[in-house]
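Report on one structure; see the data block that follows.
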Amino acid sequence: ITPWRPYLLCGPNPFLHQISPRSRTLFSETGVWEKDYRTETRRKVEEWWHPRIMAQWRKDALEESPHKKKFYVLSMFPYPSGRLHMGHVRVYTISDTIGHFQKMRGHQVLNPMGWDAFGLPAENAAIERGLDPEDWTKSNIQSMREQLDTLGLCFNWDREVTTCLPDYYRWTQYLFIKLFEAGLAYQKEAVVNWDPVDQTVLADEQVDENGHSWRSGALVEQKLLTQWFIKTTNYAKPLLDALQDLPEWYGVKAMQANWIGECTGCYFDFKLKVNGKETGETLSAYSSSPETVYGAAYLAILPSHRLLHGSSSVRSALQEAFQPGRDSLTDITAHNLFTGREVPLVISHKETFDDYLDTVVGVPDCNEEDLSVARALNLSWTSVLKTHEDGTQTLINSEEFSGLTREQAFNSITQKAKEQKVGGYLTSSKLRDWLISRQRYWGTPIPVVHCGSCGPVAVPEEELPVTLPKLPSITGKGASPLEAAHDWVNCKCPRCKGPARRETDTMDTFVDSAWYYFRYTDPHNAYRPFERHLADHWLPVDVYIGGKEHAVMHLYYARFLCHFCKDQGLVAHREPFRKLLVQGLIKGQTFKLAGSGQYLKREEINFTGTCCPVALSGGRVEVTWEKMSKSKHNGLDPQDVVQQYGVDTVRLYILYAAPPEQDILWNAKTDALAGVLRWQSRLWQLVTKLRAARQLGDVPNPRLLKKKELAEAKKIWENKNYAIQEVTTHFTEDFLFNAAISRLMGLTNTLSVSVLLQHSVEFEEALAALVMMTAPMAPHLASELWAGLCQVKQPLSPILQHGGDVLQQSWPTVDPEYLEVPDFVELSVLVSSDKRELSQYAALLKVLTQ
Numbered sequence: 007i008t009p010w011r012p013y014l015l016c017g018p019n020p021f022l023h024q025i026s027p028r029s030r031t032l033f034s035e036t037g038v039w040e041k042d043y044r045t046e047t048r049r050k051v052e053e054w055w056h057p058r059i060m061a062q063w064r065k066d067a068l069e070e071s072p073h074k075k076k077f078y079v080l081s082m083f084p085y086p087s088g089r090l091h092m093g094h095v096r097v098y099t100i101s102d103t104i105g106h107f108q109k110m111r112g113h114q115v116l117n118p119m120g121w122d123a124f125g126l127p128a129e130n131a132a133i134e135r136g137l138d139p140e141d142w143t144k145s146n147i148q149s150m151r152e153q154l155d156t157l158g159l160c161f162n163w164d165r166e167v168t169t170c171l172p173d174y175y176r177w178t179q180y181l182f183i184k185l186f187e188a189g190l191a192y193q194k195e196a197v198v199n200w201d202p203v204d205q206t207v208l209a210d211e212q213v214d215e216n217g218h219s220w221r222s223g224a225l226v227e228q229k230l231l232t233q234w235f236i237k238t239t240n241y242a243k244p245l246l247d248a249l250q251d252l253p254e255w256y257g258v259k260a261m262q263a264n265w266i267g268e269c270t271g272c273y274f275d276f277k278l279k280v281n282g283k284e285t286g287e288t289l290s291a292y293s294s295s296p297e298t299v300y301g302a303a304y305l306a307i308l309p310s311h312r313l314l315h316g317s318s319s320v321r322s323a324l325q326e327a328f329q330p331g332r333d334s335l336t337d338i339t340a341h342n343l344f345t346g347r348e349v350p351l352v353i354s355h356k357e358t359f360d361d362y363l364d365t366v367v368g369v370p371d372c373n374e375e376d377l378s379v380a381r382a383l384n385l386s387w388t389s390v391l392k393t394h395e396d397g398t399q400t401l402i403n404s405e406e407f408s409g410l411t412r413e414q415a416f417n418s419i420t421q422k423a424k425e426q427k428v429g430g431y432l433t434s435s436k437l438r439d440w441l442i443s444r445q446r447y448w449g450t451p452i453p454v455v456h457c458g459s460c461g462p463v464a465v466p467e468e469e470l471p472v473t474l475p476k477l478p479s480i481t482g483k484g485a486s487p488l489e490a491a492h493d494w495v496n497c498k499c500p501r502c503k504g505p506a507r508r509e510t511d512t513m514d515t516f517v518d519s520a521w522y523y524f525r526y527t528d529p530h531n532a533y534r535p536f537e538r539h540l541a542d543h544w545l546p547v548d549v550y551i552g553g554k555e556h557a558v559m560h561l562y563y564a565r566f567l568c569h570f571c572k573d574q575g576l577v578a579h580r581e582p583f584r585k586l587l588v589q590g591l592i593k594g595q596t597f598k599l600a601g602s603g604q605y606l607k608r609e610e611i612n613f614t615g616t617c618c619p620v621a622l623s624g625g626r627v628e629v630t631w632e633k634m635s636k637s638k639h640n641g642l643d644p645q646d647v648v649q650q651y652g653v654d655t656v657r658l659y660i661l662y663a664a665p666p667e668q669d670i671l672w673n674a675k676t677d678a679l680a681g682v683l684r685w686q687s688r689l690w691q692l693v694t695k696l697r698a699a700r701q702l703g704d705v706p707n708p709r710l711l712k713k714k715e716l717a718e719a720k721k722i723w724e725n726k727n728y729a730i731q732e733v734t735t736h737f738t739e740d741f742l743f744n745a746a747i748s749r750l751m752g753l754t755n756t757l758s759v760s761v762l763l764q765h766s767v768e769f770e771e772a773l774a775a776l777v778m779m780t781a782p783m784a785p786h787l788a789s790e791l792w793a794g795l796c797q798v799k800q801p802l803s804p805i806l807q808h809g810g811d812v813l814q815q816s817w818p819t820v821d822p823e824y825l826e827v828p829d830f831v832e833l834s835v836l837v838s839s840d841k842r843e844l845s846q847y848a849a850l851l852k853v854l855t856q
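Per the numbering used here, the sequence shown starts with residue 7, numbered consecutively.
So this is what it looks like as structure tokens:
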């Protein structure tokens, strides 16, 4: 076998072909049909069809087809690590299959690809190797793109995006400025999660349940830092409500809803005062009963609150009043910007409030605990609730809201607070704003300058992008590496032209990926992130494919940004994704020494015993299935797998081994791999037999079929239509590709035992439909089968006279007469081990089938 070399689009793919001095012939190339589908034939087929399929896809993608309906299939773009893994192969095989299928259905298909190219891995790798992160990343992108090409994956490469290029992150910065201008991007001092290994802040979602970093594994520390946040809590209620209108997302909708929480309260803004003088500090406090805000008696903060520990102007006053273990009344008052009333600030004795809250409004009228605190501190308050004889409650002492029921007041007060921009956005007690600051170099620069006179000022849009400066070296330790770029950091304020400093934090990479699906619709636009009419044409994404590990963070952020863009008038759609298809992992078998947990290579283990395997060095071995990883010695190089089995075999195995959302336990000895290998050979044999039968010279004549043969022809016709109906449903509704392949295998069985090769149009059309329905999943094999099928002598069906490659054909449809009078009953049968029950089921089936 020839050594692997990067595949070039302009030439044949040596990766897919075994060079032999006496290579077998191929029908598409020579007009000579091979009798058997052997390993060498398979390689020849894939070598021949690979560049042709990809070239045709590129040609079709560049053609404008305004009369065609759009179909946007999107797979989550990868981080350019430099090597593909089998998880990549699985997700992109699924998207490629759906793309080919929808194209055969007559859609204009968008199946784009790009690179989530900023982030810690590239920066850490560059530090270890003394390289520039940009050079490292671009090299990896080139390598991975070549690997994707070798897998025969048809992407719209003319729409490729790379998040670390200025022509992309210019528009990430543009969207940040829009958020900043809308009051949704803000900076505050906060207690944050600090990764001591990667030397950066982590969002709460990036810390596991044991308090360790999701990437480095280090025990996370708590630090008080000034950070940038995006106020996603303002969109909590719309994001929660919009889930109801989406189709089921494999449990992800429930995960999103749980992450957001019940949006039954809101925040109100308060201005802090010391001895009657405003401090300039604004504090947002959560109220679980916004309708009772006029009855607030106090504001309470936790002892861990940033005001007690940071650089706040009220810090000293708070520390003087603080008495550990007790509710402490301070000399600070909080002016409610909605009601206009002032309440005292209290330091709670509690270590935590509900969920993630650190500041709450105390209303004695509706909470026993709040009442107890107010009485203990001798605080006064206004009663705002009146209970009527029927148990209903209305508001009193609440200005224009007096007389309203609690529900009416809830809606009116929150709406007015939003209009006045002093709070009122419904959210939950468990949801926090999105922390986007990262103290690292390799990320999108935050487009803000800090001026001593003007405060934080957004960089003017015409000065974007704020590009990353070149640094002689990156240590990754201490402060943000950008602090070292003095000429870059020191600048002029865009507003007053005085001296200023650039923001040296970069954005979390989740900001880059929160909008990439927009950019694919208009990737080369130099004047705006995307044209609205193009985004409105392609969105929402029809099928979004990726791992369930992104069910909370990425999907939540992407949905938030789409809601925001809708409110900004940038797009018409509020939700970015119509259907979500989550795929499970591909796991490999792992071997660990019992006790120590050391991972062993297969060659370090003795499998000859009748009991459990043992290590050659001694010791019992634990056998498990885990996510593939080099460190666990259970990984597979996709190149090696494809070289051994072929592209189509790997594609079929991935689709057949399990439904998309389930994990695949990769084992080359399983029935799934053997099954798809046999099936390919049987498909080949069907075309071979039909070609041989038509070589006999007799003119095919359906009128020669006898009664028994006519009944068999009808059965073939019924099975064909049933297969088309079922496979189409699987491709459009539940994405059970394994069930679709099983149905096609069933049709293959029907045709394999048939003797109606010579005079049956039903056989021809069923075989044609079978090959066409196989094409999205095994495009190389199906292309060759179709070529051989269309050259059958004296065809009976006009389908075989259309010409063109199989992927250019229209997807088969069910014959109308098949739908008119169903000849079958669909049953759901519970399989039982009880012999009496089984006999009853058998009797029932006998009656129903007569």
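A virtual CB, placed ideally from N, CA and C, is assigned to each residue, including glycine.
Quantities reported herein were computed from a predicted structural model and do not represent experimental measurements.
Limits of the alpha helix (DSSP H) - the one that residue i falls within
| i | result |
| --- | --- |
| glutamate 771 | 767 to 780 |
| asparagine 162 | Taken as a continuous stretch (DSSP letters only), asparagine 162 belongs to no alpha helix (DSSP H), as it is neither H nor E. |
| lysine 714 | 713 to 735 |
| cysteine 568 | 559 to 573 |
| glutamate 667 | Per DSSP, glutamate 667 belongs to no alpha helix (DSSP H) and is neither H nor E. |
| threonine 676 | It is not in any alpha helix (DSSP H) - threonine 676 carries neither H nor E in the DSSP assignment. |
| glycine 286 | Unbroken run through glycine 286 is the beta strand (DSSP E), 283 to 293; no alpha helix (DSSP H). |
| aspartate 201 | Segment 191 to 201 is the beta strand (DSSP E) holding aspartate 201; no alpha helix (DSSP H) there. |
Where residue i falls, given that 16 or more other Cβ within 10 Å makes a residue buried
| i | result |
| --- | --- |
| aspartate 164 | exposed |
| phenylalanine 613 | exposed |
| tyrosine 655 | In the sequence under discussion, the amino acid at residue 655 is threonine, which differs from the tyrosine named in the question. Label assigned to threonine 655: buried. |
| valine 369 | buried |
| serine 319 | exposed |
| lysine 593 | buried |
| proline 466 | exposed |
| asparagine 199 | buried |
| phenylalanine 741 | buried |
| cysteine 858 | Outside the shown range of the chain, which is 7 to 856, sits residue 858, and nothing can be said about it. |
| arginine 534 | exposed |
| proline 453 | buried |
| leucine 561 | buried |
Nonlocal neighbours in the same chain, by C-beta distance under 8 Å from residue i, ignoring five residues either side
| i | result |
| --- | --- |
| leucine 757 | Leu692, Ile722, Phe769, Ala772, Leu773, Leu776 |
| alanine 600 | Gly625, Arg626, Val627, Glu628 |
| glutamate 790 | Leu32, Phe33, Ser34, Val51, Trp54, Trp55 |
Range covered by the beta strand (DSSP E) that runs through residue i
| i | result |
| --- | --- |
| glutamine 589 | 583 to 589 |
| phenylalanine 597 | 592 to 599 |
| leucine 432 | 429 to 433 |
| histidine 341 | 334 to 342 |
| lysine 633 | 627 to 633 |
Contacts around residue i, its chain only, beta-carbon distance under 6 Å, and the 5 residues preceding and following it disregarded
| i | result |
| --- | --- |
| alanine 303 | Gly368, Pro370, Ala380, Leu385, Trp387 |
| arginine 28 | Caution is warranted here: a pLDDT of 38 is assigned to arginine 28, below 50, making its placement in the model unreliable, and no coordinate value can be reported. |
For residue i, the nearest candidate out of the options (CA to CA)
| i | options | result |
| --- | --- | --- |
| proline 244 | Thr270, Pro330, Leu181, Phe524 | Thr270 |
| lysine 476 | Leu208, Glu468, Glu469, Pro487 | Pro487 |
| leucine 679 | Arg697, Leu658, Leu696 | Leu658 |
| isoleucine 353 | Pro330, Leu606, Phe344 | Pro330 |
| serine 87 | Arg49, Arg111, Ala131 | Ala131 |
| leucine 813 | Asp548, Thr473, Ala784, Ser435 | Ala784 |
| phenylalanine 536 | Cys571, Asp333, His556, Asp275 | Cys571 |
| leucine 343 | Phe328, Ile419, Glu375, Glu326 | Ile419 |
Residues sharing a beta bridge with residue i, DSSP
| i | result |
| --- | --- |
| tryptophan 544 | None; tryptophan 544 has no bridge partner. |
| histidine 218 | Leu225 |
| asparagine 306 | The residue you asked about is not asparagine; residue 306 is alanine in the sequence shown. Val352, Val366. |
Close beta carbons around residue i, own chain, < 7 Å, minus the five adjacent residues each side
| i | result |
| --- | --- |
| serine 101 | Val79, Ser81, Asn117, Ile551 |
| leucine 377 | Pro370 |
| tyrosine 174 | Val167, Thr168, Arg525 |
Cβ of residue i within 7 Å of any chain D Cβ
| i | result |
| --- | --- |
| lysine 65 | Here there is only one protein chain, and chain D is not present. |
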